[in-house]
Amino acid sequence: MVTLLLKRLLGLLLTLLVASALIFFVLDLLPGDPARFILGVNATPETVAALRTQMGLDAPPLARFLTWLFGMVRGDFGLSYTQRAPVAALIAERLWVSLPLTLFAMLLSVVVGLPIGILAARHQGRATDTALMTLAQLAIAIPNFWFGMLLVLLFAITWKLLPPGGFIPWGENFWAAARALVLPGIALALPQAAILARVMRTALVDVQTMDFIRTARAKGMTRGQAVWRHGVRNALLPVLTILGLQFAFLVAGAVIVENVFYLPGLGRLIFTAIGERDLVLVRGAVIVLVVGVTATMFLVDIAYALVDPRLRSRGAQ
Amino acid sequence: MSNALRRAALALVMIGFTAASALGQNTEVRIGLVLEPPALDPTANTAAAVDEVTYGNIFEGLTRIDQTGAVQPALATSWTISPDNLTYTFTLAGNVAFHDGTSFDAEDVKFTFDRILAPQSTNAQKALYQVIASVVVADPQTVTFTLTRPNGDFLFNLGRGDAVIVAPESAADNATRPVGTGPFRFVQWDKGSRVVLEQNPNYWGQAVQLTRATFVFISDPSTAIAAMLSGDLDGFVNFPGPEALDIFKSNPQFRIVEGSTEGETILAINNRKPPFDDLRVRQAIAHAINRDELIDAAYGYGTPIGSHFAPHHPYYLDLTGTYPYDVQRAKTLLAEAGMPEGFSATLKLPPTPYARRGGQILASQLAAIGIRVEQINVEWAQWITDVFTNKDFDLTVISHVEPFDIGIYANPDYYFGYTDPDFQTIMSELNATTDETARKALAQQAQKRLADQAVNGFLYELAQVGVWNSKLEGYWQNQPIEGAVLTELHWVP
Chain A
1 MVTLLLKRLL
11 GLLLTLLVAS
21 ALIFFVLDLL
31 PGDPARFILG
41 VNATPETVAA
51 LRTQMGLDAP
61 PLARFLTWLF
71 GMVRGDFGLS
81 YTQRAPVAAL
91 IAERLWVSLP
101 LTLFAMLLSV
111 VVGLPIGILA
121 ARHQGRATDT
131 ALMTLAQLAI
141 AIPNFWFGML
151 LVLLFAITWK
161 LLPPGGFIPW
171 GENFWAAARA
181 LVLPGIALAL
191 PQAAILARVM
201 RTALVDVQTM
211 DFIRTARAKG
221 MTRGQAVWRH
231 GVRNALLPVL
241 TILGLQFAFL
251 VAGAVIVENV
261 FYLPGLGRLI
271 FTAIGERDLV
281 LVRGAVIVLV
291 VGVTATMFLV
301 DIAYALVDPR
311 LRSRGAQ
Chain B
1001 MSNALRRAAL
1011 ALVMIGFTAA
1021 SALGQNTEVR
1031 IGLVLEPPAL
1041 DPTANTAAAV
1051 DEVTYGNIFE
1061 GLTRIDQTGA
1071 VQPALATSWT
1081 ISPDNLTYTF
1091 TLAGNVAFHD
1101 GTSFDAEDVK
1111 FTFDRILAPQ
1121 STNAQKALYQ
1131 VIASVVVADP
1141 QTVTFTLTRP
1151 NGDFLFNLGR
1161 GDAVIVAPES
1171 AADNATRPVG
1181 TGPFRFVQWD
1191 KGSRVVLEQN
1201 PNYWGQAVQL
1211 TRATFVFISD
1221 PSTAIAAMLS
1231 GDLDGFVNFP
1241 GPEALDIFKS
1251 NPQFRIVEGS
1261 TEGETILAIN
1271 NRKPPFDDLR
1281 VRQAIAHAIN
1291 RDELIDAAYG
1301 YGTPIGSHFA
1311 PHHPYYLDLT
1321 GTYPYDVQRA
1331 KTLLAEAGMP
1341 EGFSATLKLP
1351 PTPYARRGGQ
1361 ILASQLAAIG
1371 IRVEQINVEW
1381 AQWITDVFTN
1391 KDFDLTVISH
1401 VEPFDIGIYA
1411 NPDYYFGYTD
1421 PDFQTIMSEL
1431 NATTDETARK
1441 ALAQQAQKRL
1451 ADQAVNGFLY
1461 ELAQVGVWNS
1471 KLEGYWQNQP
1481 IEGAVLTELH
1491 WVP
């Protein structure tokens, strides 16, 4: 178990290093001078040069990369070009929206998706199964921004139950903040729940034909007991894989959903920062996402080992 | 007895009513803006969104620009100009305090302009103020500016967002915590979401009626519609989707307000590059342009222009008839220029709808006279580097949003590369003239020269379409300067 952990940890660090180099140099190649962008078309060349110096854009790329990398190790993500505020603080602000939103969407997709998958598997081949899986297929096909707009139309404009978007800081009004995340959370969760339901169903249907289920039935368990005690746990492996991958999808989907609901999340931060050529901010935010996704993968690997004892022993070999 | 009781009861009820209506009177607004400002210091960032939040609300200058584009007194309540037009003496308003409690006097004015003109200054419009030779504090209430040469636009330029007065105690933090002298003071900025302002109780001028104003940033048209329809917003300064305005037209709860901006939308031509250095080619392009078709594509919002000048300006001269839409004439001109078969060119298009949508229409209009245009979509930052800085382009579509910016044509290094000594003479005369009648004549001469020379394809003046709750009054219809000034905004029953 410890070896497995160390191996995975090393892989994680290596991924981060490669990712940060990639992010830095690819963004460096983007056309457009950040200083000129801030000052606009009427600024004199001297003014632009003065700002470039202030932003530290004069140094060669490699030196700037190393400064940035070692700065991040110390927790210093640099100063945003356009906002003139520490990048770390700007990102932290946004995480207060993005993290709860992503977690809420994940929770929702698990709570809704898994029971539907189990229900469909138990009624395999019958009308319930067909109906549920058709609905799931539909939910996967619906773009989440469109679904989000539909939710706004119903819940915000017609029924006036929930706000159409925007966000009030948690500290100012906790319930208002929570309410603001309900519709975007549902919009984000819908396709993920549908995917989970399908994966859960397939996995469970596969497991039902396994020998150990037959053995359990032979021991006198009902079909339901056998599936519940032995089937679900085994079927969870592929579901866990999907769940880990979904984290990355949720983060990507959040960019669009945050725009629909004008939420001040990390996705919208990156979106505007790219347009403004605030490269320091883009890099910092993308690195945070990379850390988030790789860390999730790492946790999924660990969770695998916990669910499946075979992986534990294999890691120890 | 019973009469007295009844009267007392009536009085009580009436007091109750008055109190209720006083309490019920809404004094807060939530206003939508398309773009979030990257920072809140208008003296260090050119983005229009900075001025929209801060100009006239948080910060004030010595002068201010009103709704019609005229210069009005602000922190300078009056001024005298020396006969040679080189010395301006300003009398400043008394009892003015910055939002942090520090007092405002002539030293703050001097500090503001020293900061703009300093070598390490990052003021986007520094060039406009380099005409200032010195700023001298006579007494706390009086400050004298000496110019190196007469400058007809000087008072207007003092009213720009770039020249708002800041205090030495707070200037460094204005990007995140703006401190000005305006009728609203900054409360908080939830990045990515909103900026909250509240009434400044110690305002030196006439108090505003709103107690609280929140700017909410929404760039997606359908989201903006939802926010307006659900009542989350009370107004939208420049609505992002003109195609969606029909939803509000039939609804009595909303009012659509079409106004003019300072945005001359042009098909900019690289004048230094053949074949565009040939007047006949530029004339052919001018004849090929059908402005009505372009304005239709902008959902009918926009006023045709025939030169680089805003139609609502008092100096405006209608020159749209200089080269009317005439495909045959255009083809003849191209043939005379030695290109009867036409030629190929590139058209770089920044990401705004007027450029992308307009670019497609222009491409087909130019194709009709044999100019085969390759459309290249670019981002803003790329446009500024490629087109504006490196002048690497043939044609581009762009809206010039600076007020009174005809002077850019006198700069041969400007991106469209127009070198014309005659025009430069007109402009330097205009800059040195302060007499209104003479200025008007010169400005019209300048407009005519640009139209005749067909320097660029002059398309239309960009419109601004606001959507407001019909119970709100006091918003600006036109945009003579970048800003969303809330000083007169109020609810009516």
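Residue numbers (the numbering used here), protein chains in the order written: chain A, 1 to 317; chain B, 1001 to 1493.
Every residue, glycine too, gets a C-beta built ideally from N, C-alpha and C.
Close beta carbons around residue i, own chain, < 7 Å, minus the five adjacent residues each side
i         : result
B:Gly1056 : Arg1064, Gly1182, Gly1483, Val1485, Thr1487
A:Ala254  : Ser98, Leu101, Thr102, Leu188, Gly265, Gly267
A:Leu13   : none
A:Ala226  : Ile213, Ala216, Arg217
B:Thr1068 : Pro1480
B:Ala1286 : Tyr1323, Ala1454, Gly1457
A:Ile23   : Arg283, Val286, Ile287
Sequence-distant residues of the same chain with beta carbon closer than 6 Å to residue i, five excluded per side
i         : result
B:Gln1477 : Val1257, Gly1259
B:Thr1322 : Gly1306, Ala1451
A:Ala189  : Ala105, Leu108, Ser109
A:Phe77   : Val87, Ala88, Gly284
B:Asp1051 : Pro1042, Gly1161, Glu1482, Gly1483
A:Leu10   : none
Top-ranked residue by Cα proximity to residue i, from the options
i         : options                                    : result
B:Met1339 : B:Pro1351, B:Glu1402, B:Ala1284            : B:Ala1284
B:Ala1163 : B:Tyr1409, B:Gln1188, B:Ala1227, B:Gln1130 : B:Gln1130
A:Glu276  : B:Gln1206, B:Ala1167, B:Gln1382            : B:Gln1382
A:Gly148  : A:Pro191, A:Gln54, A:Leu281                : A:Pro191
B:Gln1328 : B:Gly1474, B:Pro1275, B:Gly1370            : B:Gly1370
B:Tyr1418 : B:Val1401, B:Ala1454, B:Glu1436            : B:Ala1454
B:Tyr1299 : B:Glu1243, B:Ala1097, B:Gly1457            : B:Glu1243
B:Ala1330 : B:Ala1047, B:Ser1364, B:Gly1457, B:Ala1288 : B:Ala1288
A:Tyr262  : B:Thr1176, B:Pro1221, B:Lys1273, B:Val1373 : B:Pro1221
A:Leu95   : A:Trp228, A:Trp170, A:Leu39, A:Val300      : A:Trp170
B:Leu1319 : B:Gln1188, B:Asn1045, B:Pro1304            : B:Pro1304
B:Ala1227 : B:Ile1031, B:Ala1207, B:Gly1342, B:Thr1122 : B:Ile1031
B:Ala1213 : B:Arg1372, B:Asp1066, B:Val1195, B:Asn1202 : B:Val1195
Same chain, Cβ closer than 8 Å to residue i, five either side skipped, listed in chain order
i         : result
B:Leu1023 : Residue placement at B:Leu1023 cannot be trusted, given a pLDDT of 48 that sits under 50; the coordinates are not used to answer.
B:Gln1464 : Val1237, Asn1238, Glu1258, Gly1259, Ser1260, Thr1261, Asn1478, Gln1479
For residue i, the three-state DSSP class (helix, strand or coil)
i         : result
B:Ser1428 : helix
B:Glu1036 : coil
B:Tyr1203 : coil
B:Ser1082 : coil
B:Asp1139 : strand
B:His1099 : coil
A:Pro34   : helix
A:Arg277  : coil
B:Thr1054 : helix
A:Ile23   : helix
A:Arg52   : helix
B:Gln1067 : coil
B:Asn1026 : coil
A:Asn144  : helix
A:Ile168  : coil
B:Leu1010 : With a pLDDT of 47 at B:Leu1010, under the threshold of 50, the modelled position of this residue cannot be trusted; read the value that follows with caution. Of the three classes helix, strand and coil, the one that applies to B:Leu1010 here is helix, per DSSP.
B:His1490 : strand
A:Gln137  : helix
B:Phe1458 : strand
B:Leu1294 : helix
B:Tyr1088 : strand
Report task. Could you list the residues in the segment 111–128 of chain A with a C-beta less than 7 Å from some C-beta on chain B, going in chain order? Result -> none
Query raised in the report: Which parts of the segment 1225–1280 of chain B are runs of the alpha helix (DSSP H), unbroken and 4 residues or longer, counting only runs that do not cross its ends?
Result: If we require 4 residues or more, the alpha helix (DSSP H) runs fully inside the segment 1225–1280 of chain B come out as 1246–1249.
Query raised in the report: Along the chain, which unbroken stretches of the beta strand (DSSP E) at least 3 residues long are found entirely within the segment 1329–1415 of chain B?
Result: 1343–1349, 1371–1377, 1395–1400
**Report entry** Secondary structure, alpha helix (DSSP H): runs of 4+ residues fully inside the segment 1150–1229 of chain B
**Finding:** 1154–1158, 1221–1229
**Report entry** Residues of the segment 1083–1111 of chain B whose Cβ lies closer than 9 Å to any Cβ of chain A, in chain order
**Finding:** none
Query raised in the report: Between the segment 1364–1389 of chain B and chain A, which residues of the former have CB atoms less than 9 Å from a CB of the latter, in chain order?
Result: Val1378, Glu1379, Trp1380, Ala1381, Gln1382, Trp1383, Ile1384, Thr1385, Asp1386, Phe1388, Thr1389
Requested in this report: Would you mind listing the alpha helix (DSSP H) stretches within the segment 213–263 of chain A that are 4+ residues and don't spill past its ends, in chain order?
Outcome: 223–226, 232–260
Report task. Check each residue of the segment 1203–1218 of chain B: if its Cβ is closer than 9 Å to any Cβ of chain A, include it; give the result in chain order. Result -> Val1216, Phe1217, Ile1218
Requested in this report: Closer than 8 Å, Cβ to Cβ, to anything on chain B: give me those residues from the segment 138–149 of chain A, in chain order.
Outcome: Met149
Query raised in the report: Unbroken alpha helix (DSSP H) runs of length 4 or more, entirely within the segment 84–126 of chain A: which are they?
Result: 87–122
Query - Residues within the segment 1031–1046 of chain B neighbouring chain A, beta-carbon criterion of under 7 Å - result: Glu1036, Pro1038, Ala1039, Asn1045, Thr1046
Report task. With 7 Å as the limit, tell me which residues of the segment 29–45 of chain A have their beta carbon closer than that to any beta carbon of chain B; keep them in chain order. Result -> Pro31, Gly32, Asp33, Arg36, Phe37, Ile38, Leu39, Gly40, Val41, Asn42, Ala43, Thr44
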